[in-house]
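What follows is one structure encoded as structure tokens, with my remarks underneath.
Residue numbers (the UniProt record's numbering), protein chains in the order written: chain A, 1 to 402; chain B, 1 to 416.
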């Protein structure tokens, strides 16, 4: 069957759990209206929500001590948080270090309003000789080199962004790795934004995710700011709710100033508080079933990729597989990668190509697996069908003319 | 980090930390400073608790069109066509929905002004003007807002806006080398409560057209006009705008629907490039899917709007306004007689030792110390010290309490 609409295997959203979510969100406790919900709020978020967020993160991040509500700021999504953090931590034209490949929209998030640049720390697919043990490995040495380079170019590096679990790699960093990155930042007095938005979307039992909030004391608490949101882990990107946790009082106060542009509706804040405190639903119904469906969809996708002999990173977090489609490129260039991407799109399959993530090696694609199996099958069969035809530099129509 | 503390922000934060409640916090701060309508909670709660308000579809939980879901943009265009009395039906494709009018101002500033120019100015000629977002805008941009300064002889009413003043201000700004890109008009006006006539509006729009300025017309109080004689005219009701590509009309639910906490605002513009540019920033100003659905339900519920909410809301506004002006008359406090919005623009300068902004701020702080939050003129860039914006859209007993406290503290000399 040829789809009429486009099959989206490019946008990172979890469409596997709508049934569970609809059931929970239609319960009567989701509809409540109090005067405060309809009035101008505290722009850091209603205190009842900040309290639930603090308790929730204390629990799921396994913090050694209870986290404090006053260190929480809630905004309408993590994109807004990146924008506001960039505006408050940096001046226009300042730069933030970020390992690449990385979720490309962050460039716009910090750039559009705040005019802050990203300076990439390139990670490579080949495992070179030396200290790397896996492809695209992030090390302190690479961070140091990038920082030196940036300073030579006259850039003013103010911060570092870490994504854990990682998008698009699906990487889950160990505590030791995270501590080494934080120590690096501390040494150079850089702020660190740790985006843990996929922290509950780790679906392999052996992979243990460690939040930086679980560490026994951060190296530099005044400069470490942890982000989470409901878009991924609660599969509700349309709710527009994200939060940041920071012990830095000045930062919290500064974010308050920008909060008026990123407010969350009162009734929505109430619903979120209800969800966050519903440990029964989370622990017995939603999280285990969600993880099971993630695992199942991931297995299906990895099996298909194996059948097609497509190399990919074996990871177990997030909604995507980072796959190497370079064998389908006539030449291993970004122009060819873009052609291949366009070819898929022409045939109604949306994927995300590596250059959208500033990957330095052409040919990598991020393939989303968090949709119903029949959609994945359809998307893959179309992609496969066109793999061979897409690599033709000359299209059949032009061939006829020759 | 840049830390700006606007006066309005300071009072707002103190209020949120210590809100008056007759039962749980009788010594908290009474808020007669923030412009929100607290008169209709009963009506709103009743409507918002109806079963049709809770609905979940897959699209509501997924990343949306950042201009707003099409079902909502359709309802917005029908709603505005109706209540703004547009000669032709308005088009959904010209609507952009964001999480509040502050966000719309921010996004419009970013899209209409040259990103390279560090000091690109919004020429806001409505003096005084609502400045809560001004401080915040300066964090996202290097934006400065100019306000009109001088009253002229031809004025027939206080704080009157005329094309002559616009022209003078523009000339002055150009002499200073400023790059004026746009004009902001607030109609009905905050804090003056002014409602401009069609002729006045057309003259302002013609002025803007002549100088190729964009115009942002903020009509957020359009349904909060409570005097029968005052007829509000939306620019969308005009038979053809002078410069449709540069005229952008804003509305939102914060004031007219008394739900500032919902965070929903919209802009209507025929300029396709602008709509596309706003789409780029929409990801920072998204409204939750379920909220968009709820709003669409409200906007299409003409029965509830026309039979229940709007008439009763207007009645309560009128009543609260009457009460407040009677009290001000008893105290011999001069004020502007207007009939739109939630506030009265009152002249408390007789209570200042000296007619200076320092004294005005002292008076403001004195009120706040005694748990009444008002808004003083300098927060609105008013050029004459002593003016205060007093909110009346709260229940009578709160207004009474607030006024009593205020009276006690203004009849004794104000000490620093």
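Here a beta-carbon is modelled for each residue, glycine too, at the ideal position from N, C-alpha and C.
Just so you know, these numbers come straight off a predicted model, no measurement behind them.
For residue 49 of chain B, the nearest beta carbon of chain A is closer than 8 Å to its own beta carbon. Judged by DSSP secondary structure, residue 243 of chain A falls within the beta strand (DSSP E) whose first and last residues are 242-246.
In the DSSP assignment, residue 396 of chain B falls within the unbroken alpha helix (DSSP H) covering 396-410. A Cβ-Cβ separation of about 17 Å leaves residue 62 of chain A out of contact with residue 201 of chain A under the 8 Å criterion. According to the DSSP assignment, residue 230 of chain A belongs to no beta strand (DSSP E) but to the alpha helix (DSSP H) extending over 230-233. In the same chain as residue 283 of chain B, and ignoring 5 residues on each side of it, the C-beta atoms closer than 8 Å to its own belong to 66, in chain order. Around residue 239 of chain A, the beta-carbon contacts reaching into chain B at under 8 Å are 61, 288, 289 and 290. The three-state reading of DSSP puts residue 320 of chain A in strand, counting E and B together. Of all C-beta pairs linking the stretch 16-23 of chain A to the stretch 288-300 of chain A, three or more are shorter than 8 Å, placing the two stretches in contact. In this model, residue 97 of chain A and residue 184 of chain A are separated by some 12 Å (Cα to Cα).
The alpha carbon of residue 123 of chain A has as its nearest neighbour, out of A:13, A:171, A:252 and A:70, the alpha carbon of A:171. Bridge partners of residue 389 of chain B according to DSSP: B:345 and B:375.
By the neighbour-count definition (other C-beta atoms within 10 Å, threshold 16), residue 27 of chain A is an exposed residue. With respect to residue 69 of chain B, residue 289 of chain B sits close: the two C-beta atoms are nearer than 8 Å.
Between the alpha carbons of residue 164 of chain B and residue 337 of chain B lies a gap of roughly 24 Å. Remark: C-beta atoms of residue 142 of chain A and residue 121 of chain A approach each other more closely than 8 Å. Per the DSSP secondary-structure output, residue 247 of chain B pairs in a beta bridge with B:215. Taking each of B:170, B:231 and B:226 in turn and checking the Cα distance to residue 199 of chain B, the smallest one comes out for B:231. Burial state of residue 396 of chain B is exposed, judged by a 10 Å Cβ sphere holding fewer than 16 other Cβ atoms. Residues of chain B whose Cβ lies closer than 7 Å to the Cβ of residue 201 of chain A do not exist, since the nearest Cβ in that chain is about 15 Å away. A residue is called buried when at least 16 other Cβ atoms come within 10 angstroms of its Cβ; residue 237 of chain A meets this threshold and is buried.
The Cβ-Cβ distance between residue 244 of chain A and residue 81 of chain A falls below 8 Å. Across the stretch 352-380 of chain A, no CB contact with chain B closer than 9 Å is found for any residue. Annotation: the continuous alpha helix (DSSP H) that includes residue 288 of chain A extends over 287-307. In the DSSP assignment, residue 252 of chain B forms a beta bridge with B:265.
Around residue 292 of chain B, the same chain offers 69 and 72 as residues with beta carbons nearer than 6 Å, after the five sequence neighbours per side are excluded.
The beta carbon of residue 259 of chain B is closer than 8 Å to those of 44 and 253 in its chain, skipping five residues each way along the sequence.
The C-beta distance from residue 54 of chain B to residue 276 of chain A rounds to 19 Å, too long to fall under 8 Å, and the pair is not in contact. For residue 280 of chain A, no chain B residue has a C-beta closer than 7 Å to its own C-beta; the minimum C-beta separation is roughly 20 Å. Across the structure, residue 52 of chain A and residue 213 of chain B are spaced so that their CA atoms are roughly 47 Å apart. In this structure, the straight-line span from the alpha carbon of residue 92 of chain A to that of residue 327 of chain B is close to 50 Å. Taking a C-beta cut-off of 8 Å against chain A, the contacting residues of the stretch 23-48 of chain B are 34, 36, 38, 41, 44, 45 and 48, listed in chain order. In the DSSP assignment, residue 122 of chain A is bridged to A:100.
Taking 8 Å as the cut-off, the beta carbon of residue 162 of chain A is found no closer than this to the beta carbon of residue 140 of chain A. Contact between residue 351 of chain A and residue 334 of chain A does not hold, since the beta-carbon distance rounds to 15 Å and is not under 8 Å.
Residue 192 of chain B and residue 159 of chain B have their C-alpha atoms some 8 Å from each other.
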